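Asker: Here the sequence shown stands for residues 600 to 918, numbered as in the working numbering.
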Amino acid sequence: MNPTNRFEEVLPEGPLRKSTVEVLQVNLGKLCNLACVHCHVEAGPTKTKENMDRRTAEAVVRFLERSGVTTLDLTGGAPELNPNFRYLVEEAGRRGIHVIDRCNLTVLLLPGEMDLAEFLANHQVEIAASLPCYSKENVDKQRGRGTFDESIRALLKLNQIGYGKEGSGLLLNLVYNPVGPHLPPLQEELERDYRKRLWEDFGIVFNRLYTLANMPITRYAKVLKAFGQYESYRALLEKSFNPSTLDHLMCRNTLSVSWDGRLYDCDFNQALGLSMSSGRLFTIFDVIQEELTGFRIRTGDHCFGCTAGAGSSCKGALV
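#1: When burial is assigned at 16 or more other CB atoms within 10 Å of the CB, is I887 buried or exposed?
#2: Is it buried or exposed, L773, if we count other Cβ atoms within 10 angstroms and call 16 or more buried?
#3: Ignore the nearest five residues each way along the sequence and tell me which others in E608's own chain have a CB closer than 7 Å to its CB.
#4: Give every residue of the same chain whose Cβ lies closer than 6 Å to the Cβ of E790, excluding the five residues on either side of it in the sequence, and list them in chain order.
#5: Which term fits E664, buried or exposed, when burial requires 16 or more other beta carbons within 10 angstroms of its beta carbon?
#6: Buried or exposed: where does V688 fall if 16 or more other Cβ atoms within 10 Å of its Cβ makes it buried?
#7: How far does the beta strand (DSSP E) with R701 in it extend, from its first residue to its last?
#8: Is the Cβ-Cβ distance between V856 and V636 less than 8 Å?
#9: For C865, which residues from the same chain have a beta carbon less than 7 Å from its beta carbon, with the 5 sequence-adjacent residues on both sides left out?
#10: Which value, in whole angstroms, describes the spacing of the CA atoms of A716 and K756?
#11: Do the segment 745-763 and the segment 824-836 meet, that is, are 3 or more Cβ pairs less than 8 Å apart?
#12: Buried or exposed for V659, please, with buried defined as at least 16 other CB atoms from any protein chain shown within 10 angstroms of its CB.
#13: Report the rounded CA-to-CA distance for R879 versus G768, giving the unit in angstroms.
#14: Using CA coordinates, which residue listed in G915, Y863, V625, Y733 is at the minimum distance from D800?
#15: Apply the 10 Å Cβ neighbour rule to A907 and answer buried if 16 or more other Cβ atoms are within range, or exposed otherwise.
#16: On the premise that Y762 lies in contact with I726, defined as a C-beta separation below 8 Å, what is that separation, rounded to the nearest angstrom?
#17: Taking 8 Å as the threshold (beta carbon to beta carbon), is T810 in contact with chain B?
#18: In the DSSP assignment, the alpha helix (DSSP H) including L754 goes from what residue to what residue?
#19: Measuring alpha carbon to alpha carbon, tell me which residue in G675, L771, L862 is nearest V804.
#20: Tell me I726's beta-bridge partners as DSSP assigns them.
#21: Apart from the five residues just before and just after Q828, which ones in its own chain have a Cβ nearer than 7 Å to its Cβ?
#22: Which one of I816, G695, S843 has the shortest CA to CA distance from H639?
#23: Alpha helix (DSSP H) containing V738: first to last residue?
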C-alpha cells in the first residue's frame, strides 16, 4: 500500500475492509457507441478488443451460483453490445438474482438492438440510465451532438412498455453527473427538478435519480488538465471529505469484475489497474466468497471522489 496515500491518512478507523459481497458488478468491456468526456473506463466505438468472452461469462455465472450474491450489476462501455450480455441476464434471472443494466439509452436505438428494451422488460431488468442533465445543451456537450434527442426517444420508448410507471415493477432510474468539475447538487432537490422538467417537456416519468461525482482519472483527468482544472478539482474533492460516507461505500459490499475476469474492489480501481491480490491475482475463475470477507480494500487519492460531500456511488448519494 502506498505510504503517501492521503486518503488512508484521513480514515478514522484505519484501512477499509470488505464486508459480505452482495453485488457483483461486471464490466463487459470498453466497446461503446459513445465516447463521453467523463468516462473513466475510456470506452468508445474503437474498443473492440477489450470485451468479455464466453469462457469468462460462464465463470461469472458459476460465481453467482456459489457466492450468495443477490445483485448482478452489468456495466461497460455499453454492456448491451457484448454478445454475452443477454446470456448473463438470462442466467442470473434463472437463479433469482436481480439484474441492473447501466444503460446509455442511445444503445436502445441502434440497428440490431431494437428489441433490447422489450428483452430487458421481459426479464425484469432494472435500468440505470445515464442522463447528465435535462437540457440538450449540457448533455450534448458531455456526450456528443444528438445524444440528448436520442436519449429522450429511448426514455419515451421505455415508458411506453412500462418502465418508470407506478405498479409496473419495471425500474427506471436516471443517473446524473456534473458537466463541470464540481460536486453534484443535493440529490433529492435535483430529482424534483428532473421530474418536473422531463414531465412538462416530454411527458417522461422515472423512479429515482442518482447523483454521481465525476472521478478525476483516465480520460476525464486528461480533459481537466487540458483546461487547467485538474489540481483545483482534486483539492475540492479532498477538502469535501465526509467521514459519514465511509460505512456506505460501494467497495465494501461490491466485487468488480473486468472483461478479462480480473477482480477489483470497485470500477474505479479497475480503470486504474488496482487489482485485488493476496500472493496471487484474484480472478472470477477461482475466487470464493469466504476469502473476500474482511479483505483489505485498495484505496488511493481518487477515493476522495466517492467520499466528498454527500458521497457518490452507483446508487447515488451515500448520506
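Think of the CB as a built atom: it goes at the ideal place given N, C-alpha and C, for glycine as much as any other residue.
Remember, it's a predicted structure, so these values are computed and weren't measured experimentally.
Answerer: Reading from the atomic positions:
#1: exposed
#2: buried
#3: none
#4: L808
#5: exposed
#6: buried
#7: 697-702
#8: no
#9: M849, C850, T853, S855
#10: 8 Å
#11: no
#12: buried
#13: 42 Å
#14: Y733
#15: buried
#16: 6 Å
#17: The question asks about chain B, but that chain is absent: this structure has only one protein chain.
#18: 746-759
#19: L771
#20: D700, L771
#21: P780
#22: I816
#23: 735-742
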